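Following the numbering used here, the numbering of the sequence shown begins with 1 at its first residue and continues without gaps. Where is the CB? At the ideal position from N, CA and C, for every residue including glycine. Keep in mind the model is a prediction, meaning the values are calculated, not measured. Remarks on the structure that follows.
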Amino acid sequence: MTSQEAYTSQESPLSSPQKRKHNTPDTTTPVQETKRHGTRRPKRLSSSTESSEGDQPTTQPLINLVTSSFEDSDKSLSPRPRNKYPTRRQSAKPGTTDSYNQGATGRTTSRRKACLRPGDVLRILGQLFEEVEADDRAMYKVTDDVIRDETATCDKSDLVESTNTMELRRMCTYGEVLPEDFSRVIIPHLQLTSQDVFYDLGCGAGKIVLHVALETPCVVAKGMELMLNRVIEGQRALERVQRMCPRIVREKVIRIVQGDMCHPPDDVNMMDATVVFINNVVFPPLLMTAVLEILGRMKRLKRVVTMRKLCERHRDERCARQKSPCVTFAHPPEEAKVLVSWAKHASCYIYHRVTCV
């Protein structure tokens, strides 16, 4: 009896009609005898012959599908090669800089249009403004001495200089739309694209400016604030976001500066604006009239979102006869409710430009 016949006879328990058949070599094919040491593994079937080098490609070990269990089948397959070093996505921990940057590449096709998901943005904003979130009393403090000190270095307009103490204190009162509702309600109305230039006039600590830069494809976001202490908080947050999310903001232009919107600095002169947000709840009438005139001079402006109507008593014929800049916007504006820091909720108004000046 040849070695091949002996080997076949030893496998008689598996020689049922369901046994997988194998081609046996003919007389012209030399068969190399193989000594087998140790006990054979049950429930597995090896190939009956070994191909000579170069004749046939190497194949995976065969599995007896009749007697092998599901677990055995998994174990009998050759394991896939595993990478020795984990990828960046595997090694990144939730909430780290890498995870935020990786999330951007999954949502956008271009680095210039990179943006994050709303949930990630809200978490990042909490980290950027952690000191303000812990103690915001300095943001809300608007005594006469504080206003004088925090606006001393700002080049102010005649309108602000001539504003009486009570109105100036009211004008500098701090308040913000809650980030959750800004993301859920206002951002869809802004309709920002990579071609837009966004402005927040009276931006406070610049939270909305950074919110827009992180969550939308807009590549230019600027904010202007009269009070220096709020600007300092915004600039500190801007430095942090540049470290935390470099791939998101690397190609974006983000500015948070001190300035009077009636006499703005050159680098934020507002004439390049296409979309503007204004929390004008505490603006006195004279300032609101001046802001409306500024909006009318913005040649590229498409949309404005305000927290109070631009023209409280708008009438198309009367406002057109008076040549008021408000006639360049569609009336009545769209209205939506948002959660705010100074009340349970408030209305915001969305104006669309209908004519060019």
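Any chance you could list the beta strand (DSSP E) runs of at least 3 consecutive residues sitting entirely within the segment 209 to 254, in chain order?
Counting whole runs of 3 or more residues, the segment 209 to 254 contains the beta strand (DSSP E) stretches 220 to 225.
For S324, name the three-state secondary structure that DSSP assigns.
Here residue 324 corresponds to residue number 324 of the sequence shown, with the count starting at 1. The answer is coil: DSSP assigns S324 none of H, G, I, E or B.
Between the alpha carbons of D155 and E176, how many angstroms are there, rounded?
Position 155 of the sequence shown, counting from 1, holds the residue named residue 155. Position 176 of the sequence shown, counting from 1, holds the residue named residue 176. Their Cα atoms are separated by approximately 25 Å.
Please say whether R308 and H352 have beta carbons closer to each other than 8 Å?
Reading the sequence shown from its first residue, position 352 is the one you call residue 352. Reading the sequence shown from its first residue, position 308 is the one you call residue 308. No, these two residues do not count as a Cβ contact at 8 Å.
What span of residues does the alpha helix (DSSP H) with I187 cover, start to end?
In the sequence shown, residue 187 corresponds to position 187, counting from 1. Segment I187 to L190, the alpha helix (DSSP H) holding I187.
If we ignore side chains and look at the alpha-carbon of each, how far apart do K252 and A221 end up?
Reading the sequence shown from its first residue, position 252 is the one you call residue 252. Reading the sequence shown from its first residue, position 221 is the one you call residue 221. Distance between the alpha carbons of K252 and A221 is about 8 Å.
Would you identify the three-state DSSP class for S347, choosing helix, strand or coil?
Reading the sequence shown from its first residue, position 347 is the one you call residue 347. In the structure shown, S347 sits in a strand (DSSP, three-state: E or B).
Measuring CB to CB, does P284 end up less than 8 Å from T143?
If you number the sequence shown from 1, residue 284 lands on position 284. If you number the sequence shown from 1, residue 143 lands on position 143. Not closer than 8 Å, so no.
Would DSSP call Y174 helix, strand or coil?
The residue you call residue 174 lines up with position 174 of the sequence shown. Three-state DSSP puts Y174 in coil, outside helix and strand.
Does the segment 199 to 214 come close enough to the segment 117 to 130 that 3 or more CB-CB pairs lie under 8 Å?
With a cut-off of 8 Å, the segment 199 to 214 and the segment 117 to 130 count as touching, because enough Cβ pairs lie within range.
Leaving out the 5 sequence neighbours to the left and right, which residues in its chain are closer than 7 Å to A290 when beta-carbon positions are compared?
Within the sequence shown, residue 290 is the residue found at index 290, counting from 1. Taken in chain order, the residues that qualify are L159 and C262.
Are there three or more Cβ pairs, one per stretch, closer than 8 Å when the segment 265 to 276 is compared with the segment 230 to 250?
No, the segment 265 to 276 does not touch the segment 230 to 250.
Using only the alpha-carbon positions, how far apart do N229 and K344 sit?
Indexing the sequence shown from 1 puts residue 229 at position 229. Indexing the sequence shown from 1 puts residue 344 at position 344. Taking the straight line from one Cα to the other gives about 26 Å.
Between L238 and G206, how many whole angstroms is the CB-CB distance? I'm expecting something under 8 Å.
By 1-based counting over the sequence shown, the position of residue 238 is 238. By 1-based counting over the sequence shown, the position of residue 206 is 206. Right, the Cβ-Cβ distance comes to about 7 Å (below 8 Å), so this counts as a contact.
Could you check which residue in F182, E130 and D136 has the C-alpha nearest to that of T173?
As a working note, residue 173 is residue 173 in the sequence shown. The option with the nearest alpha carbon to T173 is D136.
I need the DSSP call for S68, collapsed to helix, strand or coil.
Position 68 of the sequence shown, counted from the first residue, corresponds to residue 68. Residue confidence for S68 is low, a pLDDT of 45 falling below 50, so the modelled location carries little weight and cannot support an answer.
Which whole-angstrom value describes the C-beta separation of L192 and P217, a residue pair presumed to lie in contact below a C-beta threshold of 8 Å?
Along the sequence shown, one-based indexing puts residue 192 at 192. Along the sequence shown, one-based indexing puts residue 217 at 217. Yes, L192 and P217 are in contact; Cβ-Cβ is about 7 Å, under 8 Å.
Please identify the residue among C326, V146 and F182 whose C-alpha is closest to the C-alpha of P118.
As a first step, residue 118 must be located in the sequence shown, where it is residue number 118. The shortest Cα separation from P118 among C326, V146 and F182 belongs to F182.
Check whether the Cβ atoms of V249 and M224 lie closer than 8 Å to each other.
Stepping through the sequence shown from its first residue, residue 249 is reached at position 249. Stepping through the sequence shown from its first residue, residue 224 is reached at position 224. Contact flag unset, no.
Around the Cβ of M298, are there at least 16 other Cβ atoms within 10 angstroms (buried) or fewer (exposed)?
Working through the sequence shown from its first residue, we reach residue 298 at position 298. The residue in question, M298, is buried, as its Cβ has 16 or more Cβ neighbours within 10 Å.
Quick one: measure Cβ to Cβ for G296 and P333, integer angstroms, because I've assumed they're closer than 8 Å.
Here residue 296 refers to the residue found at position 296 when the sequence shown is read from its first residue. Here residue 333 refers to the residue found at position 333 when the sequence shown is read from its first residue. Incorrect: roughly 16 Å between the Cβ atoms, too far for contact.
Here's the rule: buried if 16 or more other CB atoms are within 10 angstroms of the residue's CB, otherwise exposed. What is A330?
Within the sequence shown, the letter at position 330 stands for residue 330. By the neighbour-count rule (16 or more Cβ atoms within 10 Å), A330 is not buried but exposed.
Quick check: V327 and M171, are their CB atoms within less than 8 Å of each other?
For the purposes of this step, residue 327 is taken as the residue at position 327 of the sequence shown. For the purposes of this step, residue 171 is taken as the residue at position 171 of the sequence shown. Cβ distance not < 8 Å, so V327 and M171 don't count as in contact.
Pull up the DSSP beta-bridge partners for H352, would you.
Position 352 of the sequence shown, counting from 1, holds the residue named residue 352. Paired residue(s): R303.
State the DSSP-derived secondary structure class of M273, mapped to helix, strand or coil.
In the sequence shown, the residue the question calls residue 273 occupies position 273. Residue identity check: residue 273 is Ala in the sequence provided, not Met. If DSSP states are grouped into helix, strand and coil, A273 belongs with coil.
Compare the C-alpha of R240 against each of F129, D196 and A114 and name the closest.
On the sequence shown, position 240 is the one that residue 240 refers to. That would be F129, whose Cα lies nearest to the Cα of R240.
So, at 8 Å on beta carbons, what are the nonlocal neighbours of L292 in its own chain, with the 5 sequence-adjacent residues on each side left out?
Your numbering for residue 292 matches position 292 in the sequence shown. Once the five neighbours on either side are set aside, the close Cβ partners of L292 are L310, C311, S324, P325 and C326.
Which term fits N279, buried or exposed, when burial requires 16 or more other beta carbons within 10 angstroms of its beta carbon?
The residue given as residue 279 occupies position 279 in the sequence shown. The residue in question, N279, is buried, as its Cβ has 16 or more Cβ neighbours within 10 Å.
Buried or exposed: where does G126 fall if 16 or more other Cβ atoms within 10 Å of its Cβ makes it buried?
For this step, residue 126 is matched to residue 126 along the sequence shown. Exposed: under 16 other Cβ atoms inside 10 Å.
On the DSSP letters alone, give me the boundaries of the alpha helix (DSSP H) that E130 sits inside.
Counted from its first residue, the sequence shown places residue 130 at position 130. Counting along the chain, the alpha helix (DSSP H) containing E130 begins and ends at E130 to A134.
Would you tell me roughly how many angstroms separate the C-alpha atoms of V197 and A114, rounded to the nearest one?
Stepping through the sequence shown from its first residue, residue 197 is reached at position 197. Stepping through the sequence shown from its first residue, residue 114 is reached at position 114. Near 16 Å, if we compare the C-alpha coordinates of A114 and V197.
Buried or exposed: where does D200 fall if 16 or more other Cβ atoms within 10 Å of its Cβ makes it buried?
Stepping through the sequence shown from its first residue, residue 200 is reached at position 200. Per the 10 Å Cβ criterion, buried.
Using three-state DSSP, classify E312 as helix, strand or coil.
On the sequence shown, residue 312 is found 312 positions in, with the first residue counted as 1. Looking at E312 - three-state DSSP - the assignment turns out to be coil, as it is neither helix nor strand.
Measuring CB to CB, does I254 end up less than 8 Å from V305?
As a first step, residue 254 is located in the sequence shown; it is residue number 254 there, counting from the start. As a first step, residue 305 is located in the sequence shown; it is residue number 305 there, counting from the start. Contact flag unset, no.
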